[in-house]
Amino acid sequence: MALLVPNVGENIALSYLIGKTTTVRDLIYRLFATNVTPAESDTAGTYTEAAGGGYASKTLTGSSWTVTNGAPTEASYAQQTYTFTGALTTNPTVYGYYVTRVTDADLVLAETFTSFTPANNGDAILLTPKITCD
299 MALLVPNVGE NIALSYLIGK TTTVRDLIYR LFATNVTPAE SDTAGTYTEA AGGGYASKTL
359 TGSSWTVTNG APTEASYAQQ TYTFTGALTT NPTVYGYYVT RVTDADLVLA ETFTSFTPAN
419 NGDAILLTPK ITCD
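What follows is the structure, given as structure tokens:
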């Protein structure tokens, strides 16, 4: 599925663009264990974050993103590895990721991927954050 920026994420992006807000927040990439299709009206509460099995969310600092002008313009971040020690304690399957802002936890974006059920020590999901605008 394509990356979805829900209404709340669009509001955040436009507010930065026009200078209505200057409060910058790092982004937290979280895996979700809810079989849900991202939608415009979603909030962070729409998603159940994975838990257990050694899972931990990833905070991506703003200064570590690389932005490249072009058609499309792209913001990219180093690949992130989610390594598990065993099964999750929430729903055992991961369906995608969602991104919130540090401090206020507003939902910024979400995307599904091919579901994955970690079960063994060393199972991993590799995610390379990339946002394009055209």
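Numbering (our numbering), first residue to last: 299 to 432.
Where a beta carbon is used, it is the ideal one built from N, C-alpha and C, also for glycine.
In this text, all values refer to a predicted model and were calculated from it rather than measured experimentally.
How big is the Cα-Cα spacing for N389 and P427?
One C-alpha to the other measures close to 24 Å.
Rounded to whole angstroms, what's the CA-CA distance from D421 to K318? Just pull it up for me.
Spanning the two alpha carbons is a distance of roughly 43 Å.
The alpha helix (DSSP H) spanning A311 covers which residue range?
A311 -> alpha helix (DSSP H) spans 305-315.
The beta strand (DSSP E) enclosing V392, as first and last residue numbers
392-399 is the span of the beta strand (DSSP E), which, as asked, contains V392.
Under 6 Å Cβ to Cβ from P416, same chain only, skipping five residues before and after it: list those, please.
Here the set comprises G351, F382.
Please classify S362: does DSSP put it in a helix, a strand, or coil?
Three-state result, S362: helix.
The stretch 363-376 / the stretch 403-411 touching (three or more Cβ pairs under 8 Å)
The answer is no - the stretch 403-411 does not touch the stretch 363-376, with fewer than three Cβ pairs under 8 Å.
Counting pairs of Cβ atoms below 8 Å between the stretch 342-362 and the stretch 323-331, do you hit three or more?
Yes: the two stretches touch, three or more of their Cβ pairs being nearer than 8 Å.
Could you pull the DSSP bridge partners for A408 from this structure?
Bridge partners of A408 according to DSSP: L302, Y396.
May I ask you to list the residues that DSSP assigns as paired with Q378?
Its beta-bridge partners are L425.
For L329, the first and last residue of its enclosing beta strand (DSSP E)
First-last of the beta strand (DSSP E) with L329: 325-330.
Using the rule of at least 16 other Cβ atoms within 10 Å of the residue's Cβ for burial, across every protein chain shown, is L386 buried or exposed?
Buried is the call here.
What number of angstroms, rounded off, separates the C-alpha of E308 from the C-alpha of N418?
The C-alpha of N418 is placed about 38 Å away from the C-alpha of E308.
Spatial neighbours of V434 within its chain, please: C-beta separation below 6 Å, excluding the five flanking residues on both sides.
Residue 434 falls outside the range modelled here, since the chain spans only 299 to 432, and no answer is possible.
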